[in-house]
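Residue numbers (the numbering used here): 35 to 158.
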């Protein structure tokens, strides 16, 4: 299945970050999205929903190895209808990292909205 990349919006220590528009969810691409080489323990996802119904967002369990806790399974979070915004994370790399270092996120076909991956810096 082809997945749509979600670029990382990185905060900078002692700095600021303008609110990014996010990536439009792309259910026509097989429902899949990914974040490349993500430092997941410092990453938070923001998912919006403009559709008239609530929809689940699924962060897929990783591959063992490297995800030693992949056996805990997927994480499914519901995003409320119409004006829903859900924050998900930080995401444990030991559970969600795929063999290629990506994190996979699945979106239902009828879901409309955006997904944004925010990366927090290490303390400075």
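From the three backbone atoms N, C-alpha and C, an ideal C-beta is built for every residue, glycine too.
Asked                                                                                                               : Found
Validate contact between the stretch 97–109 and the stretch 43–61 using beta carbons, cut 8 Å, 3 pairs              : no
Alpha-carbon spacing of residue 140 relative to residue 93, whole angstroms                                         : 6 Å
Residue 151 burial status per 10 Å Cβ neighbour count (16 or more: buried)                                          : buried
Under the three-state DSSP convention, the category residue 120 falls into                                          : strand
Cβ contact (3+ pairs, closer than 8 Å) linking the stretch 127–138 and the stretch 110–117                          : no
Nearest-angstrom Cα separation, counted from residue 54 out to residue 153                                          : 12 Å
Where the alpha helix (DSSP H) containing residue 112 begins and where it ends                                      : Where residue 112 is concerned, there is no enclosing alpha helix (DSSP H), although the beta strand (DSSP E) it sits in stretches over 109–113.
Backbone secondary structure at residue 127 - three-state DSSP                                                      : helix
Environment of residue 79 [buried if 16+ CB atoms lie within 10 Å]                                                  : buried
For residue 103 and residue 112, the rounded distance between their alpha carbons                                   : 22 Å
Own chain partners of residue 75 with C-beta closer than 8 Å, once the 5 adjacent residues on each side are dropped : 124, 125, 126 and 127
Bounding residues of the beta strand (DSSP E) (the contiguous stretch that carries residue 102)                     : Segment: none, residue 102 is in no beta strand (DSSP E) and carries neither H nor E.
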